[in-house]
Every structure is written in structure tokens, then in C-alpha cells.
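To start, the structure under review is shown below, and the notes come after it.
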Amino acid sequence: QVEEADDWLRHGNPWEKARPEYMLPVHFYGRVEHSATGARWIDTQVVLALPYDTPVPGYMNNTVNTMRLWSARAPNDFNLRDFNVGDYIQAVLDRNLAENISRVLYPNDNFFEGKELRLKQEYFVVAATLQDIIRRFKASKFGSTDTVRTVFDSFPDQVAIQLNDTHPAMAIPELMRIFVDIEKLPWDKAWDLTKRTFAYTNHTVLPEALERWPVDLVEKLLPRHLQIIYEINQRHLDHIASLFPNDVERLRRMSLIEEGGTKRINMAHLCIVGSHAVNGVAKIHSEIVKTQVFEDFAELEPEKFQNKTNGITPRRWLLLCNPGLAELIAEKIGEDYVRDLSQLTKLHEFVEDDLFIREVAKVKQENKVKFALYLEKEYKVKINPSSMFDVHVKRIHEYKRQLMNCLHIITMYNRIRRDPTKLFVPRTVIIGGKAAPGYHMAKMIIKLINAVAQVVNNDPVVGSKLKVIFLENYRVSLAEKVIPATDLSEQISTAGTEASGTGNMKFMLNGALTIGTMDGANVEMAEEAGEENLFIFGMRVEDVTELDRKGYHAHLYYDRLPELKQAVDQIRSGFFSPKEPNLFNDVINMLFHHDRFKVFADYEAYVKCQEKVSELYLNSKAWTKMVIRNIAAAGKFSSDRTIKEYARDIWHVEPSDLKIPAPNEPREGAQDKTPNGTAA
-14 QVEEADDWLR
-4 HGNPWEKARP
6 EYMLPVHFYG
16 RVEHSATGAR
26 WIDTQVVLAL
36 PYDTPVPGYM
46 NNTVNTMRLW
56 SARAPNDFNL
66 RDFNVGDYIQ
76 AVLDRNLAEN
86 ISRVLYPNDN
96 FFEGKELRLK
106 QEYFVVAATL
116 QDIIRRFKAS
126 KFGSTDTVRT
136 VFDSFPDQVA
146 IQLNDTHPAM
156 AIPELMRIFV
166 DIEKLPWDKA
176 WDLTKRTFAY
186 TNHTVLPEAL
196 ERWPVDLVEK
206 LLPRHLQIIY
216 EINQRHLDHI
226 ASLFPNDVER
236 LRRMSLIEEG
246 GTKRINMAHL
256 CIVGSHAVNG
266 VAKIHSEIVK
276 TQVFEDFAEL
286 EPEKFQNKTN
296 GITPRRWLLL
306 CNPGLAELIA
316 EKIGEDYVRD
326 LSQLTKLHEF
336 VEDDLFIREV
346 AKVKQENKVK
356 FALYLEKEYK
366 VKINPSSMFD
376 VHVKRIHEYK
386 RQLMNCLHII
396 TMYNRIRRDP
406 TKLFVPRTVI
416 IGGKAAPGYH
426 MAKMIIKLIN
436 AVAQVVNNDP
446 VVGSKLKVIF
456 LENYRVSLAE
466 KVIPATDLSE
476 QISTAGTEAS
486 GTGNMKFMLN
496 GALTIGTMDG
506 ANVEMAEEAG
516 EENLFIFGMR
526 VEDVTELDRK
536 GYHAHLYYDR
546 LPELKQAVDQ
556 IRSGFFSPKE
566 PNLFNDVINM
576 LFHHDRFKVF
586 ADYEAYVKCQ
596 EKVSELYLNS
606 KAWTKMVIRN
616 IAAAGKFSSD
626 RTIKEYARDI
636 WHVEPSDLKI
646 PAPNEPREGA
656 QDKTPNGTAA
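Each residue of the sequence shown is one higher than the last, beginning at -14 in the working numbering.
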């Protein structure tokens, strides 16, 4: 993998509007001064936050919401306030330092890298947004008689803030700082308002992904926030100690501050303590969050923990990307399903309808031909559109087990070579995704897939039976092309590691069948469609836990399974990298000695399950009937349902069927219909 900068604003962005009139200051560094009137954060460096507004139109409802993003700007006196600035030129050039805050997004997936710039970014967007929220709250009357509202009692009734993972966790001490230091509220009142305002969504259980900021770094960058976090922690631990006297081990586990080595702030613990609701993003994930990752907290406040299974928008992931299928569905059940995806269950009536079965298969075939032409045009690769399109697209990560797919490819290759006359269901295996730039193993996995593809695609014995494609620069626009063309969706993470996944849902909605483990939302997909309509294989969470207890020994599988041994030996010997026979030593070493995700343990079940997939694919009608059952069961996985649940169970807001008149309709009385007359 080779990276290049994505200068996404080079040609401007016609949808966004800069709003310099709402520019706000954000403070860094400095020191804290305590006095009778309270704490003052002084001698800070200021960076300005310039808002950019993007309109987000609802679907056919005459409603447009606003997404506000922040760009960092240096104040005009940046570095020029000192009386004797010797180097004026350098001072002006140093403005870049401030503006670097919003320059680049950290490209890590499921990995925490404790860099100062990242913490600056997190606090920058949080501080700007909270100032904006408070400005808007004070400007809106909501029945108050004050010209400017100074009473914050109704704040949690008017404002809900969802913490999307721990990345915006600094919002908790920041809101406390605003309430206590600036608005002069008593601590207990401020803390009550803060807890009722925030809710936290957890997105991963991998320990290396959890944010744990060094205390020293926070103390330097945000000294007042560290004091507030310490105070929150003290009161939190006092409460635990009163409930569990003498249980020091529990205090250590539940503290916001991790001692030992460098002191760190556990941001997930801060989010849980500072929120009134905590949720995972699929049933199985929310269970793991409750019973394993944060079990002490769940024991303390079980009512705080919820589940909100992720969803996808059917507008982009069906109507826009797969108009052929969307139209076919509309012909059978009407167009209302686009707004209420649960109506897809009506398709169950047509599972035995021969004409419908043929039409569904025809749409899939057209999408496959279209994608094959795209690949030929863009990447100069020729593929057989009548082969099974077996697709594994997602970020490259050891837990997602692209390596297991790779071992299956090698196994299929060896089987064809062993008996070229034997019936083989032709496959085009498409793997795509990006590795984080610093993730060496992920990059080696990409290298291995390409090396295997090089051998397989150029072996005359194999011919068109098996082709391997690595999709470079996988992104949403490419997903919109490949997903509608997919026959088999690969969702093969080790059970208990994928919080939810959403690609799995996109494939299901677009008429692919799923081969997968009982992990993330796959569990609920199997629940909705019936387990017999997915290709489920491998260890469950309980089996993984048991294997961890016993100890995972990769060589036992290697010794017992001749096809696995052959594939591994080929990688090790340089069969796929003849010019550099030791190229994949790190991969082999990992698989044998420190594979946390137990690829070998699920290999046999995976290969057997893939044989069942090939068998069904030979029977086009039976395959397509299973496809229809899957589409009919995909209704639960609409983001419309997900957001309704957040609104009802966490934000406590009611849906409104208020229809705002279209621009060409008369607007008399429209003012009366605007809820609460919200300010800009």
C-alpha cells in the first residue's frame, strides 16, 4: 500500500458555506489561577474556530438540517503580541502551527495513537461546538422571560449530546468548566445537568483502540480540564468506596485514572461516569460491554446500559446504488418501503414466484456485468461475470481475518491444481480495503493477497475458474459499485471482536448471501432471516473464551489439517514470492506464535462452509430464493429504526409528522407550526 495526501478541498466544496460571523476562540496551554471567585484559566494560546455549514436535506420531507464543521484559523495577532518580535516573517509563518489542527484526519481504525495533535483536534471541535450550543441555548427563549437566559435548569431538556465513541469525551469536563468557572453554577448542580445532557456510544472492545491519554499531556495542554477530571474522579471513587468499603481492587478497576507506569486517563470510564446512558451497537456487543468490558460499572448502574443496533440508510444503500433492485421491489410492494424498511417483509409472499425469482437474478447479473466492465476499464482486469463474486471489503485488520480468506483462496487453488478435471464452481474473489499507514501487519496482508493473486491469475491450469482481485483505494463511491454486484459477502471476524459492522447490512439489502461468524450484527441478521439462510460457521463467543482458557496452539491445527499445512508451507517457502522467499516471515510467525484472532482455529469450518456455498450456487433458483428471504429480512437494519430508538430511549424526543410546506406552497400560518421557534 502506498499513501498519498487527499487534498479534498483543492477544488472547493460547493455544498459548504463558511460562516465567519460565528467564529469562536478555543484556548490551549496556559495555567490555572484560583481565587475566592473561583478558577481562572489564563495565559492561554488562542486558536479560532471558523464554522462551515453543510445543508443535509431529509428524504422528500422539505426539511433541511445543518451539519456544522470547524476549521482552525490563527488569530491575526498570533505570535505577534510579544513587544519585541524579532522575526516577523517567522511569526507569520508560524500561523501554520495553529491551522494544522484541522489539516489532516488520523487514518487509524481500531487503534489509539496518543499524539498531542490528535488531542488538540478532539478538544478543538468539542470546545467550539459547546460554545455554539450554549450561545444557541441562551438566544432561544423557550418560554423564558429573560432577554438572555442565565438559568440552565432546562438545559438537558433542550440539549442532547451523543458522544460517538470516546473521541469527544473532553466535552464532559469542558461543559463542567463552562457551568462552574464561567456561569458560576455550584458543582453538584453543574454535574447533574452535565450527566443528563450526555450519552455515550461504545464502538469497539479491542483494548488497543481504547483512548488512554497521558496525564502529563493533558496537564500541559488543558490544565483546568485535568483538575476537573480529578475532581470528578474523587467524587466518583468516594461514592464507590461508600458502597464497597475496603474494596481497593474495585476502586483501582473503576478509577478514571490508571496508575502504574505513566499515569493515564481512561476516557471510556470518564464517558460512562459523565453520561446518563451507555450503549453498544449490536445486541452481542452490548452484552459484552455489560458483562466483560465495563462489568463493574454495569453492576453499579445496570439501568444505564442499553443496546442500539446500527443501521444503514436505504436511500444511499439501495435506491441510489442499486436502482434496478429498488424498482423491482417497488413493483411488488409499492414505494413506501423506502421510508419504512420493515415493509420489506412483504417480499416473503414472492419467494416462490418464478417470475420474481428470475427478475431478481437478472438484476444481479446486470450489476455484475456492469462491475466487470468497470474493472476492465479502470484496472485492465478481465473477469468472468458468470462466476460467483465472492467479496471481502472493509478496513484491513487482523481481527477481520482477511488472512483466513487468503488461506481459503490458496486452498481452492491447490484443489484445482490437484484435479483440474473435477467440477469447480468458478469464483472471482474480490478483496479490498485500506490499512492504517503505520500498521505493518495489515500492509503485509495486502502484499500477500496481491502476491497470491499474481500466481493464481497467471496459472493456465486455473484459467477462468478462479480469479483474485485486490480493489485499491476502497471508499464509499467504490462500495456503491461493488456491493450491488456481490453474490457472497464475507463477514468472518473472530466472534466477539466486530462491534456491529454495517457492510454486512449493505450486502444483505443488495441481494448478496452472507458467509460469517456469529459476531456483531451478523447474529441479528441470522435472527431476522433464519440461521439456515446465512452461511454461519466457526467458534461462538463462548468457544473463543474457552479456547483462551485452555490456550490456543496454532501448530495443533497445522499438524492436523493437510490442506492448511500445504497453504502455510507455500507462503513460508516463497511459492508466492519467489524473488523474496522470506517476504512473509512476519505473517507466518504471527499466525503460529501470537495470533490473537485464531485464524487456524476457524479455518476448517470456514473451508467446509465455503463448499456448501459453492454447492448452493450451482442451483441458481435455490440461491435466488435464499437471496429474496434475506432482502425480506433486512428491514430491521435501517438507520431510520436506529435513530428512532436513540430518540425515544436516550434523547427523549418525540417524532414529529409536521410537514413543512414546500417552497412553492403558501406559507400562511407556517410560523405557528415551527416547533419552539429554534434560533439559528
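Every residue, glycine too, gets a C-beta built ideally from N, C-alpha and C.
6 Å Cβ shell around P469 - same chain, five flanking residues per side excluded
Locating residue 469 in the sequence shown gives position 484, where the first residue counts as 1. The residues are C306, N307, N352 and N495.
Review point. For P153, does the three-state DSSP call read helix, strand or coil?
Key: In the sequence shown, residue 153 corresponds to position 168, counting from 1. P153: coil per DSSP, three-state reduction.
- Task: Pull up the DSSP beta-bridge partners for T487, would you.
- Result: The residue you call residue 487 lines up with position 502 of the sequence shown. DSSP output for T487 lists no bridge partner at all.
Chain-order list of residues whose beta-carbon lies under 6 Å from that of M52 (same chain, five-residue window excluded):
On the sequence shown, residue 52 is found 67 positions in, with the first residue counted as 1. T39 and V41.
CA-CA distance, S478 and K385? Working through the sequence shown from its first residue, we reach residue 478 at position 493. Working through the sequence shown from its first residue, we reach residue 385 at position 400. Taking the straight line from one Cα to the other gives about 4 Å.
- prompt: From R209, A506, R88 and L532, pick the residue whose C-alpha is nearest to that of S623; which is it?
  reply: Numbered from its first residue, the sequence shown carries residue 623 at position 638. For the residues R209, A506, R88 and L532, the minimum Cα distance to S623 belongs to A506.
Review point. Going along the chain, which residues of its own chain have a beta-carbon closer than 6 Å to the beta-carbon of M239, five neighbours each way excluded?
Key: Numbered from its first residue, the sequence shown carries residue 239 at position 254. Closer than 6 Å at the Cβ level, and outside the excluded window around M239, lie I225 and D281.
Self-check item: the segment 334 to 353 touching the segment 427 to 441, judged by at least three CB pairs closer than 8 Å
Solution: Segments in contact, no.
Q.
Once the 5 residues before and after T29 are set aside, which same chain residues still bring their CB inside 8 Å of it?
A. Working through the sequence shown from its first residue, we reach residue 29 at position 44. Leaving aside the five residues that flank T29 on each side, the residues in its chain whose CB is nearer than 8 Å to its CB run, in chain order, H12, F13, Y14 and G15.
*asked:* Taking only three categories from DSSP, how would you classify D571?
replied: Mapped onto the sequence shown, residue 571 falls at position 586. D571 sits in a helix when the DSSP states are folded into three classes.
task: Could you give the DSSP three-state label for W608: helix, strand or coil?
output: Taking the first residue of the sequence shown as position 1, residue 608 is located at position 623. It is helical.
Straight-line gap, Q656 to T48 (C-alpha atoms, nearest Å):
Translated into positions along the sequence shown, residue 656 becomes position 671. Translated into positions along the sequence shown, residue 48 becomes position 63. For Q656, the predicted model reports a pLDDT of 48, less than 50, meaning its position is unreliable and no value from the coordinates is stated.
What runs of the beta strand (DSSP E), each 3 residues or longer, lie entirely inside the segment 396 to 421?
Runs of the beta strand (DSSP E) inside the segment 396 to 421: 412 to 417.
Discussion item. Less than 9 Å between the beta carbons of S260 and A184, yes or no?
Written reply: Sequence index remark: in the sequence shown, residue 260 carries index 275 (1-based). Sequence index remark: in the sequence shown, residue 184 carries index 199 (1-based). Between S260 and A184, the gap from beta carbon to beta carbon is short of 9 Å.
### alpha helix (DSSP H) segments (min. 4 residues) lying fully within the segment 299 to 353
If we require 4 residues or more, the alpha helix (DSSP H) runs fully inside the segment 299 to 353 come out as 308 to 318.
Report task. Kindly list the residues whose CB is nearer than 6 Å to the CB of F561, restricted to its own chain and excluding five residues on each side of it in sequence; keep chain order. Result -> By one-based count along the sequence shown, residue 561 stands at place 576. Only residues of its own chain outside the window of five on either side were considered, and among them A436, V437 and V440 have a CB closer than 6 Å to the CB of F561, listed in chain order.
Exercise for the section: Find out if the Cβ-Cβ distance for the pair V376, A497 is shorter than 9 Å. Expected result: Taking the sequence shown and counting its residues from 1, one reaches residue 376 at position 391. Taking the sequence shown and counting its residues from 1, one reaches residue 497 at position 512. Taking C-beta atoms as the reference points, V376 and A497 count as a pair closer than 9 Å.
Check your understanding: Secondary structure at K450, three-state DSSP: helix, strand or coil?
Key -> Within the sequence shown, the letter at position 465 stands for residue 450. Under the three-state reduction of DSSP output, K450 falls in the coil class, being neither helix nor strand.
Report task. Could you tell me the distance, in whole angstroms, from the CA atom of A203 to the CA atom of L104? Result -> Taking the first residue of the sequence shown as 1, we reach residue 203 at position 218. Taking the first residue of the sequence shown as 1, we reach residue 104 at position 119. Here residue 203 turns out to be Val, not Ala, going by the sequence shown. Note on geometry: alpha-carbon atoms of V203 and L104 lie some 8 Å from one another.
Practice item. Note down, in chain order, each residue of its chain lying with its Cβ closer than 7 Å to the Cβ of Y322, except the 5 sequence neighbours on either side. Key: Along the sequence shown, read from residue 1 onward, the residue named residue 322 stands at position 337. Excluding the 5 residues flanking it on each side, Y322 has same chain C-beta neighbours closer than 7 Å at I314, Q328 and L329, in chain order.
| task | Along the beta strand (DSSP E) that carries Q30, what are the first and last residues, could you check? | result | Here the question's residue 30 lines up with position 45 in the sequence shown. Counting along the chain, the beta strand (DSSP E) containing Q30 begins and ends at Q30 to P42.
Quiz prompt | Runs of alpha helix (DSSP H) wholly within the segment 228 to 307 (minimum 4 residues, chain order) | solution = 233 to 239, 252 to 258, 268 to 273 and 280 to 285, all fully within the segment 228 to 307.
**OP:** Compare the beta carbon distance of V36 and A113 with 9 Å and say whether it is the shorter of the two.
**Re:** Residue numbering aside, residue 36 sits at position 51 when the sequence shown is read from its first letter. Residue numbering aside, residue 113 sits at position 128 when the sequence shown is read from its first letter. One detail in the question is off: residue 36 reads as Pro in this sequence, not Val. Yes, Cβ-Cβ distance for P36 and A113 is below 9 Å.
Can you tell me whether DSSP reads Q(-14) as helix, strand or coil? For the purposes of this step, residue -14 is identified with residue 1 of the sequence shown, where counting begins at 1. The answer is coil: DSSP assigns Q(-14) none of H, G, I, E or B.
- Other residues of its chain near F109: CB distance less than 8 Å, five sequence neighbours each side excluded: By one-based count along the sequence shown, residue 109 stands at place 124. Excluding sequence neighbours, F109 sits near V11, V32, A34, W55, A57, I86 and S87.
Exercise for review: Starting from the Cα of L360, find the closest Cα among L408, K452, I430 and R324 and give me that residue.
Suggested key: The residue given as residue 360 occupies position 375 in the sequence shown. For the residues L408, K452, I430 and R324, the minimum Cα distance to L360 belongs to K452.
So for W(-7), helix, strand or coil by DSSP?
By one-based count along the sequence shown, residue -7 stands at place 8. Shown here, W(-7) sits in coil according to DSSP, grouped into three states, outside any helix or strand.
| message | Let's test the definition: count the other Cβ atoms within 10 Å of the Cβ of P651 and tell me whether it reaches 16, buried, or not, exposed. | response | Taking the first residue of the sequence shown as position 1, residue 651 is located at position 666. Taking all protein chains shown into account, P651 has fewer than 16 neighbouring C-beta atoms within 10 Å of its C-beta and is therefore exposed.
Measuring straight from C-alpha to C-alpha, what distance separates R(-5) and P5?
Stepping through the sequence shown from its first residue, residue -5 is reached at position 10. Stepping through the sequence shown from its first residue, residue 5 is reached at position 20. Roughly 20 Å separates the two Cα atoms.
Exercise for the section: Measure how close the beta-carbons of L549 and F522 come, nearest whole angstrom, since I'm counting them as under 8 Å. Expected result: The count along the sequence shown starts at 1 and reaches residue 549 at position 564. The count along the sequence shown starts at 1 and reaches residue 522 at position 537. In this structure L549 does not touch F522 by the C-beta definition: roughly 15 Å separates them, more than the 8 Å allowed.
Q.
Going by DSSP, what residue range makes up the alpha helix (DSSP H) through D177?
A. Numbered from its first residue, the sequence shown carries residue 177 at position 192. It spans W172 to T182 - the alpha helix (DSSP H) in which D177 sits, taken as one unbroken run.
Can you say whether K347 is buried or exposed, counting buried as having 16 or more other CB atoms within 10 angstroms of its CB? Residue 347 sits at position 362 when you count from the first residue of the sequence shown. That one is exposed.
**OP:** Please check the pair G99 and W0, which I expect to be a contact at CB under 8 Å, by giving their CB distance rounded to whole angstroms.
**Re:** Here residue 99 refers to the residue found at position 114 when the sequence shown is read from its first residue. Here residue 0 refers to the residue found at position 15 when the sequence shown is read from its first residue. Beta-carbon to beta-carbon, G99 and W0 are separated by about 34 Å, too far to satisfy the 8 Å threshold.
**Asked** Under 9 Å between the Cβ atoms of T627 and N295?
**Response** Your numbering for residue 627 matches position 642 in the sequence shown. Your numbering for residue 295 matches position 310 in the sequence shown. Contact flag set, yes.
Option nearest A678 by Cα separation, candidates Y44, P422 and M8 | The requested residue 678 does not occur in the structure, where the chain is confined to residues -14 to 665.
Task: Residue range of the unbroken alpha helix (DSSP H) whose run includes S599 - done: Here residue 599 corresponds to residue number 614 of the sequence shown, with the count starting at 1. For S599, the uninterrupted alpha helix (DSSP H) run begins and ends at V584 to L603, by DSSP.
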